[in-house]
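Every letter in the sequence shown is one number past the one before it in this note's numbering, and letter 304, counting from 1, is 304.
Working notes for the structure below.
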Amino acid sequence: MGSANGLVNVQSNQPLFSFGVITDVQYADIPDGRSFLGVPRYYRHSLLVLQRAVKKWNHRRPNFIMNFGDIIDGFCPKEQSLDAVKKLVMEFDNCNGPVYHMIGNHCLYNLPREKLLPLLRIHSHNDHAYYDFSPIPEYRFVILDGYDVSAIGWPKDHPKTLKALKFLNEKNPNSDKNSPNGLVDLERRFLMFNGAVGKDQLEWLDNVLSDATRLNQKVVVCCHLPLDPNASSREALLWNYDEVMEVLHRYSCVKVCLAGHDHKGGHSVDSHGIHHRVFEAALECPPGTDAFGCVDVFDDRLSLSGTDRMKSTEMIFCR
C-alpha cells in the first residue's frame with residue numbers, strides 16, 4: 001500500500017509512519033513527593049526523562065511527537081509556572097519534527113487557557129483545545145479537549161465553569177470535589193480534576209469522523225483523559241466518556257484511542273474492537289528509568305515500542 005508522501009508499506013513489514021509519545025511529565029523544580037495514594041513522584045527527574053526521550057526520538061526520527069498533557073505539575077510554584085512551561089516547550093522543540101500537545105488538569109492548574117494554548121501552539125477557536133490532522137492521507141488523528149467543560153482553566157464566571165460546578169455538586173456530595181469517598185464504581189470519575197467533552201465538540205467530532213469515513217481514513221483518537229473503564233481506573237475517566245464512545249462506535253474508521261492521566265497505564269479492546277492504550281507517566285519514573293515510546297503505524301495495526309515503565313504494546317485492528 002502506497003501513500004501520497006512516498007512512504008510505502010511493504011507486505012506490512014515497513015511502517016507507513018511513526019510518532020513519539022510521552023505523557024504526564026509534570027515537571028516542577030521542587031523536591032520529590034508522593035501522590036494522594038502514596039506513589040512516589042520525581043518532579044525534577046521528569047525533565048531528564050523528557051531530555052532522554054528527545055535524544056532517542058532524534059536518533060530514531062519519527063515523523064512527529066505527541067505529548068498527552070500535564071507538561072508541568074500543579075505543585076509548581078505559581079510564580080514559576082510561565083517559565084516552567086516555556087522551559088518544557090523548549091525541550092520539546094529540540095525534536096527534529098513537529099510536536100502536537102494536549103492539555104491536562106495540571107497544565108490548567110498553572111495557567112489559564114488563553115495563556116497556555118499559545119505556548120503549546122494549539123491553534124483553536126475561543127480557547128478550545130481540540131483539533132485534527134492527517135500525517136498521511138490514509139490516517140487522521142483527532143485530538144479531544146477533555147477539559148472543554150471543566151471547573152479548572154476557564155474564568156470563574158465562565159458558563160463552562162458554572163456548568164461544571166453545577167454538575168459536580170449533583171454528582172459528588174463531598175465538600176472536596178477531588179475526593180471519591182462514597183462514590184461507587186463508575187461514579188468515582190466525577191472529580192474536579194477530570195472534565196467533559198461539550199456538545200459543540202461532540203458535534204465537531206461526529207463531523208470529523210463522517211469526513212474520515214468518506215475519505216476512507218483510519219482514525220486515532222487522542223485525549224489526556226481515558227475513554228474506556230477497562231483501560232483505566234474509575235477515578236481517571238472522562239466524565240462523559242460514554243457519550244464520546246457512543247459517537248466513536250458509530251464509525252468503523254476509529255481504530256485506536258490513546259490517553260494519559262492515569263499514571264499506571266493500561267490497555268483494553270472494547271466491544272467494537274477499538275484499542276484503548278493509556279500511557280504510563282514520566283513523572284513516576286525513579287531516577288535512571290524512563291517512560292516514553294515510539295509508535296510504528298501500519299495499515300492494520302499500531303505497534304508501540306516502549307522504554308522501561310512504558311510497556312510495549314501491539315494494537316492489531318479487529319475491524
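For every residue, glycine included, the Cβ atom is placed at its ideal position computed from N, Cα and C.
I need the boundaries of the beta strand (DSSP E) containing residue i, first residue and last residue.
i	result
E320	Nothing can be reported for residue 320: it is not among the residues displayed for the chain, which extend from 1 to 319.
D228	Looking at the DSSP string, D228 is not in any beta strand (DSSP E), and its letter there is neither H nor E.
D296	293-297
L258	254-259
S327	This structure does not reach residue 327, given that the chain is present from 1 up to 319, and the question cannot be answered.
H263	No beta strand (DSSP E) holds H263; DSSP gives it neither H nor E.
S305	301-306
V278	275-278
Among the residues of its own chain, which have a CB less than 7 Å from the CB of residue i, if the five just before and after it don't count?
i	result
V149	K160, K163, A164, G195, A196, G198
E314	R301, S303
S3	Legend: pLDDT at S3 = 40, less than 50; position of this residue unreliable, no value from coordinates given.
Q11	Because the pLDDT at Q11 is just 46, under 50, the model does not fix this residue reliably, and the point stays unresolved.
N13	none
R234	D185, L186, R188, R189
N178	L191, M192, F193
From what residue to what residue does the alpha helix (DSSP H) around residue i run?
i	result
C223	Run containing C223: none in the alpha helix (DSSP H); it sits in the beta strand (DSSP E), 218-223.
K199	199-214
V244	241-248
What are the residues that DSSP puts in a beta bridge with residue i?
i	result
I22	N67
R188	Its beta-bridge partners do not exist; DSSP assigns none.
F17	V297
G33	R41
A196	V149
Y27	I72
Among the residues of its own chain, which have a CB less than 8 Å from the CB of residue i, if the five just before and after it don't count?
i	result
Y139	L16, F17, Q217, K218, V219, V220, V297
P96	Residue identity differs from the one stated: residue 96 is Asn in this sequence, not Pro. W57, N58, R61, listed in sequence order.
D308	C285, T289, D290, A291
F19	P62, N63, F64, I65, M66, P135, C294, V295, V297
V39	H263, E284
Among residues of its own chain, excluding the 5 on either side of residue i, which ones have a beta-carbon nearer than 6 Å to its beta-carbon?
i	result
C318	G273
H249	H272
V278	P226, A231, S232, A259, D262, G265, G266
N174	N181
R113	D127, G153
L116	C107
K311	none
P98	F64
V49	A282, C285, D290
Query raised in the report: Can you list the beta strand (DSSP E) stretches of 3 or more residues lying completely in the stretch 121-169, in chain order?
Result: Counting only runs of at least 3 residues, the stretch 121-169 fully encloses the following beta strand (DSSP E) elements, listed from N- to C-terminal order: 131-136, 139-143.
Query raised in the report: Mind pulling the beta strand (DSSP E) runs of 3 or more residues that sit fully within the stretch 41-129?
Result: Runs of the beta strand (DSSP E) inside the stretch 41-129: 64-67, 99-101.
Query raised in the report: Touching or not, the stretch 228-236 and the stretch 253-271, by the rule of three or more beta carbon pairs under 8 Å?
Result: Counting Cβ pairs under 8 Å, three or more are found: they touch.
Query raised in the report: At a cut of 8 Å, does the stretch 21-33 reach the stretch 65-73 through at least three beta carbon pairs?
Result: Enough Cβ pairs lie closer than 8 Å, so yes.
Query raised in the report: Are the stretch 198-211 and the stretch 165-181 touching by the rule of at least three beta carbon pairs closer than 8 Å?
Result: Per the Cβ contact rule, the stretch 198-211 is not in contact with the stretch 165-181 (fewer than 3 Cβ pairs under 8 Å).
Report task. Taking 8 Å as the threshold, find out whether the stretch 121-134 comes into contact with the stretch 99-109 through three or more Cβ pairs. Result -> The stretch 121-134 makes contact with the stretch 99-109; the number of CB pairs closer than 8 Å reaches 3 or more.
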